[in-house]
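Beneath this line is the structure, given in structure tokens, with notes to follow.
In full-length UniProt numbering, the protein residues as written are 1 to 170.
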């Protein structure tokens, strides 16, 4: 069995959830968690479905002909194999409880991610981060340099191969 996650975004309309769940059932998949959100201001629909492929198919194999389901809804979608650890960049400011919780869960193996670095606009948690053998990036942010600081953060994300940025009380 393989754990797979499907993420979806598109304009909100009737039938999206039914189309996705029917497709997964036809592929021999068992949905173990599903979350969805309709943004009423923008009319966008977002969904995350975690499921098990009882036949051991990968996300790529399951998604091979998903475009037939996605096309009528103009869906943006991605299948992710849960076994593949995502490269995560953490961002923290002066409150460290969220950072400490994430680092603890990561260290004990409860959070299956690869932390590629921590960005902060303060030095408060540099020692904690370095003691975990994680690169620390100090990028001060002021009103005067906000655009440049954000560009520097994006450079760090690109250089580290970041797939997800987590704001740990940043």
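Virtual Cβ for every residue (Gly too), placed ideally from N, Cα, C.
>> Please state the DSSP three-state secondary structure of residue 8.
In response: strand
> Is it a yes or a no for the region 118–132 touching the region 88–99, going by three-plus beta-carbon pairs under 8 Å?
Replying inline: yes
> Under the rule that 16 or more other beta-carbon atoms within 10 Å means buried, what is residue 122, buried or exposed?
Replying inline: exposed
> DSSP beta-bridge partners for residue 57?
Replying inline: Bridge partners of residue 57: none, in fact.
>> Among the candidates 67, 30, 85, whose CA atom is the shortest distance from the CA of residue 56?
In response: 30
>> Taking its Cβ as the centre, do 16 or more other Cβ atoms sit within 10 Å of residue 173, making it buried, or is it exposed?
In response: Here the chain covers residues 1 to 170 and nothing more, so residue 173 does not appear.
> Between the Cα of residue 64 and the Cα atoms of 80, 86, 163, which residue gives the shortest distance?
Replying inline: 80
> Can you list, in chain order, the stretches of the beta strand (DSSP E) that have 3 or more residues and sit fully within the region 99–137?
Replying inline: 113–120
>> My output table needs one value for residue 24: the three-state DSSP class, helix, strand or coil.
In response: Helix.
> Applying the criterion that 16 or more other CB atoms from any shown protein chain within 10 Å of the CB defines a buried residue, is residue 110 buried or exposed?
Replying inline: Note on residue 110: under 16 other CB atoms within 10 angstroms of its CB, so exposed under the neighbour-count rule.
> In terms of alpha-carbon separation, which member of 69, 53, 157, 74 lies closest to residue 11?
Replying inline: 74
> Alpha carbon to alpha carbon, how far is residue 156 from residue 72?
Replying inline: 37 Å
>> Buried or exposed, going by whether 16 or more other CB atoms sit within 10 Å of the CB of residue 138?
In response: exposed
> If you follow the alpha helix (DSSP H) that residue 78 is part of, which residue opens it and which one closes it?
Replying inline: Run containing residue 78: none in the alpha helix (DSSP H); it sits in the beta strand (DSSP E), 76–81.
> Assuming residue 52 contacts residue 3 under a Cβ cut-off of 8 Å, what Cβ separation, rounded to an integer in Å, is found between them?
Replying inline: Indeed, because the Cβ distance is near 6 Å, the residues count as touching under 8 Å.
> Span of the beta strand (DSSP E) holding residue 34?
Replying inline: 29–39
> Any idea what DSSP makes of residue 49, helix, strand or coil?
Replying inline: strand
> Which whole-angstrom value describes the C-beta separation of residue 46 and residue 22, a residue pair presumed to lie in contact below a C-beta threshold of 8 Å?
Replying inline: Wrong, their Cβ atoms sit about 19 Å apart, outside the cutoff.
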